[in-house]
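Numbering-wise, the sequence shown is residues 1488 to 1638 according to our numbering.
A virtual CB, placed ideally from N, CA and C, is assigned to each residue, including glycine.
The structure appears below as C-alpha coordinates.
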Amino acid sequence: MALNDSLNSPKSPLAAPAVLDLIGNTPMIQVTRLDTGPCALFLKLESQNPGGSIKDRIGRSMIDGAERRGELKPGGTVVEATAGNTGLGLALVARAKGYRVVLVVPDKMSTEKVLHLKALGAEVNLTRSDVGKGHPEYYQDAAARLAAEIP
(Lines of atoms letter the chains of each structure in order from A and count residues from 1; the text may use other names and numbers.)
(Lines give C-alpha, C1' and ligand atoms only; values in the text may rest on other atoms or scores of the structure.)
Protein backbone atom coordinates (compact mmCIF):
# COMPACT_ATOMS: atom_id res chain seq x y z
CA MET A 1 0.00 0.00 0.00
CA ALA A 2 1.41 3.37 -0.94
CA LEU A 3 1.62 6.20 1.57
CA ASN A 4 -1.14 8.14 -0.19
CA ASP A 5 -3.40 5.07 -0.07
CA SER A 6 -2.94 4.74 3.70
CA LEU A 7 -3.66 8.43 4.22
CA ASN A 8 -6.90 8.16 2.30
CA SER A 9 -8.10 4.93 3.88
CA PRO A 10 -11.22 5.04 6.09
CA LYS A 11 -9.04 4.02 9.06
CA SER A 12 -6.96 7.20 8.77
CA PRO A 13 -9.28 10.19 8.37
CA LEU A 14 -7.64 13.42 7.30
CA ALA A 15 -10.18 15.48 9.24
CA ALA A 16 -12.31 14.95 12.32
CA PRO A 17 -15.50 16.84 13.15
CA ALA A 18 -14.09 17.98 16.52
CA VAL A 19 -10.79 17.93 18.38
CA LEU A 20 -12.32 15.70 21.07
CA ASP A 21 -12.88 13.00 18.45
CA LEU A 22 -9.12 12.72 18.01
CA ILE A 23 -8.28 12.01 21.66
CA GLY A 24 -7.35 8.36 22.07
CA ASN A 25 -7.79 7.60 18.39
CA THR A 26 -4.06 7.46 17.91
CA PRO A 27 -2.31 5.09 15.52
CA MET A 28 -0.70 1.82 16.50
CA ILE A 29 2.31 0.27 14.90
CA GLN A 30 3.43 -3.33 15.10
CA VAL A 31 6.97 -3.98 16.25
CA THR A 32 8.53 -6.17 13.59
CA ARG A 33 12.27 -5.60 13.99
CA LEU A 34 12.62 -7.02 17.49
CA ASP A 35 12.26 -10.60 18.64
CA THR A 36 8.96 -10.58 20.51
CA GLY A 37 8.82 -14.36 20.78
CA PRO A 38 5.36 -15.79 20.21
CA CYS A 39 3.75 -12.42 20.94
CA ALA A 40 2.68 -9.68 18.59
CA LEU A 41 3.81 -6.36 20.08
CA PHE A 42 2.04 -3.13 19.17
CA LEU A 43 2.91 0.42 20.18
CA LYS A 44 0.13 2.98 20.66
CA LEU A 45 1.38 6.40 19.62
CA GLU A 46 -0.20 8.55 22.35
CA SER A 47 2.08 11.42 21.37
CA GLN A 48 -0.26 11.81 18.38
CA ASN A 49 -3.12 13.03 20.59
CA PRO A 50 -4.05 16.67 19.83
CA GLY A 51 -2.18 17.97 22.89
CA GLY A 52 0.83 15.78 22.23
CA SER A 53 0.61 13.34 25.14
CA ILE A 54 -1.40 10.67 26.90
CA LYS A 55 -2.52 13.40 29.31
CA ASP A 56 -5.21 14.37 26.78
CA ARG A 57 -6.96 11.11 27.73
CA ILE A 58 -6.65 11.95 31.42
CA GLY A 59 -8.03 15.46 30.85
CA ARG A 60 -11.00 14.07 28.96
CA SER A 61 -11.65 11.46 31.64
CA MET A 62 -11.52 14.08 34.39
CA ILE A 63 -13.92 16.44 32.58
CA ASP A 64 -16.31 13.65 31.55
CA GLY A 65 -16.33 12.29 35.12
CA ALA A 66 -17.05 15.72 36.63
CA GLU A 67 -19.92 16.18 34.17
CA ARG A 68 -21.39 12.74 34.99
CA ARG A 69 -21.20 13.43 38.73
CA GLY A 70 -22.90 16.82 38.25
CA GLU A 71 -19.83 18.70 39.53
CA LEU A 72 -19.33 20.50 36.21
CA LYS A 73 -22.28 22.09 34.47
CA PRO A 74 -22.58 24.18 31.27
CA GLY A 75 -20.88 27.54 31.77
CA GLY A 76 -18.82 26.15 34.64
CA THR A 77 -15.17 26.67 35.45
CA VAL A 78 -12.43 24.09 35.73
CA VAL A 79 -9.81 24.97 38.35
CA GLU A 80 -6.75 22.75 38.65
CA ALA A 81 -3.25 22.82 40.08
CA THR A 82 -0.81 21.49 37.52
CA ALA A 83 2.90 21.29 37.00
CA GLY A 84 2.87 19.34 33.76
CA ASN A 85 0.96 18.02 30.79
CA THR A 86 -2.27 17.29 32.68
CA GLY A 87 -3.01 21.01 32.50
CA LEU A 88 -2.57 20.95 28.74
CA GLY A 89 -5.01 18.04 28.43
CA LEU A 90 -7.53 19.70 30.73
CA ALA A 91 -7.31 23.02 28.90
CA LEU A 92 -7.73 21.34 25.52
CA VAL A 93 -10.80 19.35 26.58
CA ALA A 94 -12.45 21.95 28.81
CA ARG A 95 -12.15 24.76 26.25
CA ALA A 96 -13.44 22.47 23.49
CA LYS A 97 -16.50 21.87 25.67
CA GLY A 98 -16.96 25.57 26.40
CA TYR A 99 -15.74 25.72 29.99
CA ARG A 100 -13.62 28.43 31.55
CA VAL A 101 -10.24 27.03 32.62
CA VAL A 102 -8.16 28.41 35.49
CA LEU A 103 -4.84 26.67 36.02
CA VAL A 104 -2.55 27.31 38.96
CA VAL A 105 1.08 26.53 38.25
CA PRO A 106 4.40 26.96 40.04
CA ASP A 107 6.52 29.84 38.75
CA LYS A 108 9.26 27.41 37.72
CA MET A 109 7.09 26.17 34.84
CA SER A 110 8.70 26.98 31.50
CA THR A 111 7.59 30.10 29.68
CA GLU A 112 6.82 27.94 26.63
CA LYS A 113 4.42 25.73 28.59
CA VAL A 114 2.68 28.74 30.17
CA LEU A 115 2.26 30.29 26.71
CA HIS A 116 0.94 26.97 25.39
CA LEU A 117 -1.67 26.85 28.18
CA LYS A 118 -2.70 30.43 27.43
CA ALA A 119 -2.89 29.68 23.70
CA LEU A 120 -5.35 26.89 24.53
CA GLY A 121 -7.51 29.48 26.31
CA ALA A 122 -6.56 28.79 29.92
CA GLU A 123 -6.13 31.52 32.51
CA VAL A 124 -2.79 30.82 34.19
CA ASN A 125 -2.02 31.86 37.76
CA LEU A 126 1.65 31.60 38.72
CA THR A 127 2.49 30.78 42.33
CA ARG A 128 5.74 30.59 44.24
CA SER A 129 7.74 27.41 43.82
CA ASP A 130 9.88 28.06 46.89
CA VAL A 131 7.08 27.27 49.37
CA GLY A 132 5.67 23.94 50.48
CA LYS A 133 2.26 22.40 51.01
CA GLY A 134 0.27 24.33 53.58
CA HIS A 135 1.55 27.71 52.44
CA PRO A 136 -1.19 29.86 50.87
CA GLU A 137 0.95 30.41 47.75
CA TYR A 138 1.72 26.71 47.21
CA TYR A 139 0.15 25.88 43.85
CA GLN A 140 -2.15 23.11 45.12
CA ASP A 141 -3.35 25.16 48.09
CA ALA A 142 -3.90 28.22 45.88
CA ALA A 143 -5.94 26.13 43.43
CA ALA A 144 -8.09 24.72 46.24
CA ARG A 145 -8.76 28.25 47.48
CA LEU A 146 -9.68 29.46 43.97
CA ALA A 147 -11.94 26.46 43.39
CA ALA A 148 -13.83 27.33 46.58
CA GLU A 149 -14.16 30.98 45.53
CA ILE A 150 -15.14 30.50 41.87
CA PRO A 151 -18.69 29.28 41.20
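Open item on the list: Please report the distance separating the alpha-carbon of residue 1527 from that of residue 1512.
Closed with: Here the alpha carbons of residue 1512 and residue 1527 stand approximately 20 angstroms from one another.
TODO: Determine the burial state of residue 1555: buried for a count of at least 16 other Cβ atoms within 10 Å of its Cβ, exposed for fewer.
DONE: Flag for residue 1555 reads exposed.
TODO: Could you name the residues of the same chain whose beta carbon sits closer than 7 angstroms to that of residue 1581, not counting the 5 residues immediately before and after it, in chain order?
DONE: So the list reads 1550, 1565, 1588, once near-sequence residues are dropped.
Task: Under the three-state DSSP convention, the category residue 1541 falls into - done: Residue state, collapsed to three classes: coil.
Open item on the list: Restricting to Cα atoms, I'd like to know which of 1518, 1532, 1609 is closest to residue 1568.
Closed with: Out of 1518, 1532, 1609, 1609 has the C-alpha closest to the C-alpha of residue 1568.
Task: Residues near residue 1532 in its chain [Cβ-Cβ closer than 6 angstroms; skip 5 each side] - done: The residues are 1513, 1514.
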